[in-house]
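Engineer:
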Amino acid sequence: NAGVTQTPKFQVLKTGQSMTLQCAQDMNHNSMYWYRQDPGMGLRLIYYSASEGTTDKGEVPNGYNVSRLNKREFSLRLESAAPSQTSVYFCASSEAEYRGIGAGAFFGQGTRLTVV
Amino acid sequence: AQSVTQLDSHVSVSEGTPVLLRCNYSSSYSPSLFWYVQHPNKGLQLLLKYTSAATLVKGINGFEAEFKKSETSFHLTKPSAHMSDAAEYFCVVSDGGTSGTYKYIFGTGTRLKVLA
Chain A
1 NAGVTQTPKF QVLKTGQSMT LQCAQDMNHN SMYWYRQDPG MGLRLIYYSA
51 SEGTTDKGEV PNGYNVSRLN KREFSLRLES AAPSQTSVYF CASSEAEYRG
101 IGAGAFFGQG TRLTVV
Chain B
117 AQSVTQLDSH VSVSEGTPVL LRCNYSSSYS PSLFWYVQHP NKGLQLLLKY
167 TSAATLVKGI NGFEAEFKKS ETSFHLTKPS AHMSDAAEYF CVVSDGGTSG
217 TYKYIFGTGT RLKVLA
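Protein chains in written order, with this note's numbering: chain A, 1 to 116; chain B, 117 to 232.
(1) Compare the C-alpha of A:P61 against each of A:N70, A:G53 and A:Y89 and name the closest.
(2) Between the Cα of A:N30 and the Cα atoms of A:A92, A:Q109, A:S84 and A:Q85, which residue gives the shortest distance?
(3) Note down the Cα distance separating B:Y166 from B:I221, rounded to an integer number of angstroms.
(4) Name the residue from A:Q11, A:V116 and A:G108 whose alpha carbon lies nearest to the alpha carbon of A:M27.
(5) Taking DSSP as the reference, what is the three-state secondary structure of A:Q85?
(6) Could you check whether the Cβ of A:M27 sits closer than 8 Å to any Cβ belonging to chain B?
(7) Should the segment 161–179 of chain B be regarded as contacting the segment 3–22 of chain A, the criterion being three or more beta carbon pairs within less than 8 Å?
(8) B:D124 by DSSP, collapsed to three states: which one?
(9) Which of the residues in the segment 44–64 of chain A, read from start to end, lie with their CB under 8 Å from any CB of chain B?
(10) Could you check which residue in B:P147, B:T133 and B:V127 has the C-alpha nearest to that of B:S189?
(11) Would a check of beta-carbon distances place A:F10 closer than 8 Å to chain B?
(12) Please list, in chain order, all residues of the same chain as A:G3 whose beta carbon is under 6 Å from its beta carbon, the five residues on each side excluded.
(13) Given this structure, state the Cα-to-Cα distance separating B:A232 from A:K71, to the nearest angstrom.
(14) Check the Cβ-Cβ distances between B:K229 and every residue of chain A, and say whether any is below 8 Å.
(15) Check the Cβ of A:Q109 against every Cβ in chain B and list those closer than 8 Å, keeping chain order.
(16) Let me see if you follow: with CB-CB separation under 8 Å, is B:G178 close to chain A or not?
(17) Sort B:H191, B:K184 and B:E131 by Cα distance to B:P152 and report the nearest one.
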């Protein structure tokens with residue numbers, strides 16, 4: 001009963017390097033999300049996927065790309081890392097919601113990324 | 117557009133005294149509201165949620181929140197603080213979208229400190 005699993009947990013990149021953050025959920029949820037968390041700014045939505053095969057930009061999508069590989073997996077890619085992308089990244093999933101009724105999102109443990 | 121404001125970035129209470137964490141929201145839709153907790157170096161955990169049923173919502177670990185539409189507030193309370201409550205708390209609003217899916221909008225967080 002793993003819930004939402006993110007890999008890796010920690011990563012250090014040099015400016016300009018690329019990497020992909022992986023996320024998988026085993027709750028059969030339709031919707032998946034990527035957030036970044038920075039001090040004093042709460043969580044900000046990067047991209048989300050309402051269902052398999054669809055992705056949409058969130059609040060801060062610049063410098064990122066995503067892939068909804070299948071219903072379980074939603075990856076986040078940094079093509080050319082920049083120091084401004086130093087952050088903690090969280091993946092989350094939730095059931096699709098209708099008329100305001102739904103469960104809260106379930107979060108992974110986070111990936112702490114440092115770009116030097 | 118929906119938004120959420122957490123009125124205090126830091127709150128300190130003594131162990132055994134009441135906790136009040138304040139949250140105001142703005143929404144053009146019938147909102148779903150949530151409180152999440154994040155302990156140091158951990159992922160986020162759902163504390164409680166409001167989804168247009170009872171206005172007083174009870175959550176885990178003795179926390180509760182009251183939805184007040186006239187005040188557009190969803191404050192989190194606990195009668196008696198415990199040392200283990202020290203964490204960061206996020207108020208979250210979510211509107212049901214016309215496509216049946218939705219995004220979560222996070223407040224900037226309130227860090228709760230519990231003094232012995």
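Each residue gets a CB set at the ideal place from its N, CA and C atoms; glycine is no exception.
Structural biologist: Taking the geometry as given:
(1) Position 61 of the first sequence, counting from 1, holds the residue named residue 61 of chain A. Of A:N70, A:G53 and A:Y89, the residue nearest in Cα terms is A:Y89.
(2) Here residue 30 of chain A refers to the residue found at position 30 when the first sequence is read from its first residue. It is A:A92.
(3) Residue 166 of chain B sits at position 50 when you count from the first residue of the second sequence. Residue 221 of chain B sits at position 105 when you count from the first residue of the second sequence. So the alpha carbons of these two residues sit roughly 15 Å apart.
(4) Taking the first residue of the first sequence as position 1, residue 27 of chain A is located at position 27. Nearest C-alpha to A:M27: A:G108.
(5) Numbered from its first residue, the first sequence carries residue 85 of chain A at position 85. Three-state result, A:Q85: helix.
(6) Taking the first sequence and counting its residues from 1, the one referred to as residue 27 of chain A is at position 27. Not an interface residue.
(7) no
(8) What you label residue 124 of chain B is simply residue 8 of the second sequence in a count that begins at 1. DSSP places B:D124 in coil when its eight states are reduced to three.
(9) R44, L45, Y48, A50, S51 and G58
(10) Numbered from its first residue, the second sequence carries residue 189 of chain B at position 73. For B:S189, the nearest C-alpha among the options comes from B:P147.
(11) In the first sequence, residue 10 of chain A corresponds to position 10, counting from 1. With 8 Å as the cut-off, A:F10 does not count as an interface residue toward chain B.
(12) On the first sequence, position 3 is the one that residue 3 of chain A refers to. Hits under 6 Å: F106.
(13) Counting from one through the second sequence, the residue named residue 232 of chain B turns up at place 116. Counting from one through the first sequence, the residue named residue 71 of chain A turns up at place 71. Going by the C-alpha atoms only, they are around 46 Å apart.
(14) Here residue 229 of chain B refers to the residue found at position 113 when the second sequence is read from its first residue. So no, B:K229 is outside the interface.
(15) Counting from one through the first sequence, the residue named residue 109 of chain A turns up at place 109. Result: K158 and G159.
(16) Stepping through the second sequence from its first residue, residue 178 of chain B is reached at position 62. False, the Cβ-Cβ gap to chain A never drops below 8 Å.
(17) By 1-based counting over the second sequence, the position of residue 152 of chain B is 36. Pro is not the amino acid found at residue 152 of chain B; the sequence shown has Tyr there. Selected option, being the one with the closest Cα: B:H191.
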